[in-house]
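J.: Just add 58 to the spot in the sequence shown (first one is 1) and you have my numbering. Sharing a structure with you now.
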Amino acid sequence: MPRRTEPSPFSSKVGARIRELRLERNMSLPALGEASSISKGHLSNIEHGFAAITIETVDRIARALDIPPLYILAFPAEDERARIADALRKLPKGDWKKLRKEIEGRAAPAPKKRG
């Protein structure tokens, strides 16, 4: 993919999110590059919003970070649903099923009244 001369606003947000998730895991740029099979230079361009990336690249980075791609494209500072997704990401995996069942129970449609 070509390198931009000016960072794209959305690409910059995605790149900042990737950097945030990488640093949260105490992962260096070279380590992420090795785990994702993406060069350190290209990752740097991604993190700074200069590289146009494909969904396959997002998937490779997500796999290297051991997260679903959804978390790369969720911006918790901007959206309540993204905050919820980010909070879920931070929960121990053992709590996910219990929480899902609770949410599904709350989201279930109300029973129809028979008249």
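In this text, a Cβ means the ideal position worked out from N, Cα and C, and glycines have one as well. Since the structure is predicted, the reported quantities are computational estimates derived from the model, not experimental observations.
(1) Taking its Cβ as the centre, do 16 or more other Cβ atoms sit within 10 Å of Ser69, making it buried, or is it exposed?
(2) DSSP state of Glu136, grouped into three classes?
(3) Between the beta-carbon of Ile130 and the beta-carbon of Ile96, is there less than 8 Å?
(4) So what does DSSP say about Pro167, is it helix, strand or coil?
(5) Ignore the nearest five residues each way along the sequence and tell me which others in Ser102's own chain have a CB closer than 8 Å to its CB.
(6) Would you check if there are 3 or more beta carbon pairs closer than 8 Å linking the stretch 78-87 to the stretch 116-129?
T.: By the coordinates alone:
(1) Counting Cβ neighbours within 10 Å, Ser69 comes out buried, since at least 16 surround it.
(2) If DSSP states are grouped into helix, strand and coil, Glu136 belongs with coil.
(3) Cβ atoms of Ile130 and Ile96: not closer than 8 Å.
(4) In the three-state DSSP reduction, Pro167 falls in the coil class, being neither helix nor strand.
(5) Excluding positions up to five away in sequence, the list reads Leu87.
(6) As far as the Cβ criterion goes, the stretch 78-87 touches the stretch 116-129, which means the pair count is three or higher.
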